[in-house]
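J.: Before anything else, here's the structure in question.
Okay, here's the thing in structure tokens:
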């Protein structure tokens, strides 16, 4: 069997994600949310840098709301040309529809945290932590610039393959949470 290209995997797994029922998204998201919110990393962090889920991604909106309730500094990404920056939000009302129809911060303070958790999106992952994102390279560049942040990805179980090909500029998250597994790619697994 020929190896699929990143573009082919992206297309195939986006279609699979779109085919999920609202109930499947809700149930899987609740399992991942419980794992994440109960983790020491989450409890100990002050800053949570997190994207706003869309298009049947694992739901991050409930995590954002809980983090705000827990008095975390919550920041959401906004793209500026080839780069992405995170802006602090104080509530969901700070978000407006921006580029690509994605909710992004409007008129919010830009943050440059030196610690915290970065939630990383992805379409396909493998058990070694390699990921295929949306193709813009924004998160690869951000993770490379901010190694002090703990990068965590959320995925449905079907999105995790035994192996995907990766390139030298591809950055791996430190952890990957699915409804049934917690994968750690760090030396010290804080989720144990």
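Numbering (UniProt numbering), first residue to last: 1 to 192.
Here a beta-carbon is modelled for each residue, glycine too, at the ideal position from N, C-alpha and C.
Note that the structure is predicted; figures quoted are calculated from it, not measured.
Could you tell me which whole alpha helix (DSSP H) segments of length 4 or greater appear in the stretch 19–93?
T.: 22–37, 40–44 and 61–69
J.: Could you tell me which uninterrupted alpha helix (DSSP H) segments, each at least 4 residues in length, are contained entirely in the stretch 107–168, listed from first to last along the chain?
T.: 138–145
J.: Could you tell me if residue 100 is buried or exposed, where buried requires 16 or more neighbouring beta carbons within 10 angstroms of its beta carbon?
T.: exposed
J.: Within 10 angstroms of the Cβ of residue 18, are there 16 or more other Cβ atoms? Answer buried if so, exposed if not.
T.: exposed
J.: Since residue 182 is in the beta strand (DSSP E), which residue starts that stretch and which ends it?
T.: 182–184
J.: Between the Cα of residue 183 and the Cα atoms of 128, 117 and 4, which residue gives the shortest distance?
T.: Taking only the C-alpha atoms, the option nearest residue 183 is 128.
J.: Tell me the residue span of the beta strand (DSSP E) that contains residue 105.
T.: 103–105
J.: Based on the DSSP output, what are the partners of residue 96 in its beta bridges?
T.: 104
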